[in-house]
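Chemist: For the record, the sequence lines run as chains A and B. Take the first sequence: its position 103, counting from 1, is numbered 165 in this note's numbering, and each next residue is one higher. Take the second sequence: its position 44, counting from 1, is numbered 170 in this note's numbering, and each next residue is one higher.
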Amino acid sequence: MYRVYVFGELERVSEHFIQSALPMLPEERRRKAMHYRQANGRKNCVIAYLMLKIGLKECFQIVDFTLGYGEHGKPYLAEYPDVYFNISHCGCGCAVAVADSPIGVDIQDVRPFNREIAERVCCKEELELMERSSGRDREFTRIWAMKESYVKMTGQGIGCDLTAINALNHKSIQIRDIANGVIALCM
Amino acid sequence: MLEKVIDILSEFTMLGKDKMSEQSSLVIDLGLNSLDVINVVVAFEEEFNIEIPDQKIKDLATVGDIVSYLKTYV
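1) Between which two residues does the alpha helix (DSSP H) holding A/R182 run?
2) Starting from A/H110, trace the alpha helix (DSSP H) in both directions and tell me its first and last residue.
3) Strictly under 9 Å for the Cβ-Cβ distance: is B/Q181 near chain A by that measure?
4) Note down, in chain order, every chain B residue with its Cβ under 7 Å from the Cβ of A/G70.
5) I'd like to check one pair, A/A159 with A/L34: are the Cβ atoms closer than 9 Å?
6) Going by DSSP in three states, A/G155 sits in which element: helix, strand or coil?
7) Tell whether a beta-carbon distance below 9 Å holds between A/L112 and A/A83.
8) Kindly indicate which residue of A/E181, A/N228, A/R200 and A/V244 has the alpha-carbon position closest to the one of B/V168.
9) To the nearest angstrom, how far is it from the Cα of A/Q170 to the Cα of B/D155?
10) Is there a Cβ of chain A sitting closer than 9 Å to that of B/L196, yes or no?
11) Between which two residues does the alpha helix (DSSP H) holding A/I240 run?
12) Between the C-alpha atoms of A/Y98 and A/P174, what's the straight-line distance to the nearest angstrom?
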């Protein structure tokens, strides 16, 4: 069982709303939110946490929880080892996934295709797909988001050989296009 | 070295150079996400003709971490 929450209307969120929502956040998350220099980072940080609260309550009836952090910084629910979640931010919004098995989510705004970056992170089959594509920017963004959702699901993060992961072979990765970006989900 | 690092980073962030310091976090202060970090790593590799191993990327959390890394390996 899983559910994904997505918010993509950051421009509609006022600073006033963010300030009034801050008391709903635990101290550590509040400090993190206020640390963001850019307004969208702050908004994503607060809204993602609120969506996590909603998701945990709707899907697992969890109201009180504490976040712990794994070896590579992946957050988890300290009191609920069988409940999983993952959070992602980008310029176009934020996404939160909650599930009863390990899950990774990535939301990413479409970026221009850059061959050097692609060769650094993609395997041969992924590069060939991009070469054939008429929309390389979106294709690259899709492959990147799929890979990131995978390394977020496993908890290893981007500090690994990303070319060893063939996102196209992972049936457990779902990808969806949104207006200015993509969302990938890996379970 | 700090000035050079800030110059390169300024191409990837909307944060002004005068707001960046060794303590600045790439994610929280500069607003970078994982893909930006990969772009930054490739830019430093090109600029300094080095290869930053994948396992080191997660250790580069602040401007100062990049400066220290470059001081050690360049």
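We treat Cβ as the ideally placed atom computed from N, Cα and C, and that holds for glycine. Computed from a predicted model, the values in this text were never measured in an experiment.
Modeler: The structure says:
1) The count along the first sequence starts at 1 and reaches residue 182 of chain A at position 120. Per DSSP, A/R182 is one residue of the alpha helix (DSSP H) stretching across R177 to V183.
2) Here residue 110 of chain A is taken as the residue at index 48 of the first sequence, counted from 1. Sequence inspection shows Ala at residue 110 of chain A; the His mentioned does not correspond to that position. Residues A101 to F122.
3) Residue 181 of chain B sits at position 55 when you count from the first residue of the second sequence. Chain A contact via Cβ: present.
4) Start at 1 with the first residue of the first sequence, and residue 70 of chain A comes out as number 8. Correct list: empty, because the minimum Cβ distance to chain B is about 15 Å.
5) Lying before the first or after the last residue shown, residue 34 of chain A is absent from chain A, which here runs from 63 to 249.
6) Reading the first sequence from its first residue, position 93 is the one you call residue 155 of chain A. Strand.
7) Reading the first sequence from its first residue, position 50 is the one you call residue 112 of chain A. Reading the first sequence from its first residue, position 21 is the one you call residue 83 of chain A. Cβ distance < 9 Å, so A/L112 and A/A83 count as in contact.
8) The residue given as residue 168 of chain B occupies position 42 in the second sequence. If we check each option's Cα against that of B/V168, A/E181 comes out closest.
9) The residue given as residue 170 of chain A occupies position 108 in the first sequence. The residue given as residue 155 of chain B occupies position 29 in the second sequence. If I take the Cα positions, the gap works out to 19 Å.
10) As a position in the second sequence, residue 196 of chain B is number 70, starting the count at 1. Not an interface residue.
11) Counted from its first residue, the first sequence places residue 240 of chain A at position 178. Per DSSP, A/I240 belongs to no alpha helix (DSSP H); it is in the beta strand (DSSP E), I235 to I240.
12) Position 36 of the first sequence holds residue 98 of chain A. Position 112 of the first sequence holds residue 174 of chain A. Taking the straight line joining both Cα atoms gives about 25 Å.
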